[in-house]
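Worksheet for the structure shown next.
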Amino acid sequence: EPIPRRMLPPADCLEYYSSAATRGYLADPEQVSYERLVLAQKYGYTLPKLEDDPNYEALIERKDPRQIFYGLEPGWVISLKDKAILKPKAEYLKQYYAN
Numbered sequence: 001e002p003i004p005r006r007m008l009p010p011a012d013c014l015e016y017y018s019s020a021a022t023r024g025y026l027a028d029p030e031q032v033s034y035e036r037l038v039l040a041q042k043y044g045y046t047l048p049k050l051e052d053d054p055n056y057e058a059l060i061e062r063k064d065p066r067q068i069f070y071g072l073e074p075g076w077v078i079s080l081k082d083k084a085i086l087k088p089k090a091e092y093l094k095q096y097y098a099n
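Position one of the sequence shown corresponds to residue 1 (UniProt numbering), numbered consecutively onward.
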């Protein structure tokens, strides 16, 4: 079965998932960083400097909000037995999973 498209959350949950204060996955990353700073000041701790971390490149990577799995696109079929990724070739399938 192919990886499904990720849909938007229901209308009554949209505010929660797009709020930086709750670190929603649809929130602006800049606003999320600001909210992390506000929370650190409120509770009196200092945020670690990610720039100094040896894994900095891995820490700043983000998946697209419409992806379910990082690095895997909707419509792909993953065969663990064969260790293969099968991608759709038909144009109508590519358009369907791109939206």
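For every residue, glycine included, the Cβ atom is placed at its ideal position computed from N, Cα and C.
Just so it is clear, the structure is predicted and the values come from calculations on it, not from any experiment.
Query - Leu47 vs Ala58 beta-carbon contact at 7 Å - result: Indexing the sequence shown from 1 puts residue 47 at position 47. Indexing the sequence shown from 1 puts residue 58 at position 58. With contacts defined by Cβ atoms closer than 7 Å, Leu47 and Ala58 do not form a contacting pair.
Report task. Can you give me the Cβ contacts of Leu72 inside the same chain, cut-off strictly under 8 Å, excluding the 5 residues immediately before and after it? Result -> Taking the first residue of the sequence shown as position 1, residue 72 is located at position 72. Answer for Leu72: Ile3, Ile78, Ile85, listed in chain order.
Report task. Return the first residue and the last residue of the beta strand (DSSP E) that Ile85 is part of. Result -> Mapped onto the sequence shown, residue 85 falls at position 85. Per DSSP, Ile85 belongs to the beta strand (DSSP E) from 84 to 86.
**Report entry** Cβ distance (whole Å) where Tyr17 is taken to contact Pro9 below 8 Å
**Finding:** Taking the first residue of the sequence shown as 1, we reach residue 17 at position 17. Taking the first residue of the sequence shown as 1, we reach residue 9 at position 9. Contact holds; Cβ gap of about 5 Å.
Report task. Less than 8 Å between the CB atoms is what I'm expecting for Tyr97 and Pro74, so what's the real figure, rounded? Result -> For the purposes of this step, residue 97 is identified with residue 97 of the sequence shown, where counting begins at 1. For the purposes of this step, residue 74 is identified with residue 74 of the sequence shown, where counting begins at 1. At roughly 4 Å, the Cβ-Cβ gap stays under 8 Å, so Tyr97 and Pro74 are in contact.
Query raised in the report: Given a threshold of 16 other Cβ atoms within 10 Å of its Cβ, counted over all protein chains shown, does Gly44 qualify as buried or as exposed?
Result: Residue mapping note: residue 44 aligns to position 44 of the sequence shown, counting from 1. Its Cβ having fewer than 16 others within 10 Å, Gly44 is exposed.
Requested in this report: Please list the segments of the beta strand (DSSP E) lying wholly inside the region 37 to 79, counting only runs of 3 or more residues, in order along the chain.
Outcome: Entirely contained in the region 37 to 79, the beta strand (DSSP E) runs reaching 3 residues are, in chain order, 77 to 79.
Query raised in the report: For Pro29, does the three-state DSSP call read helix, strand or coil?
Result: For this step, residue 29 is matched to residue 29 along the sequence shown. DSSP places Pro29 in helix when its eight states are reduced to three.
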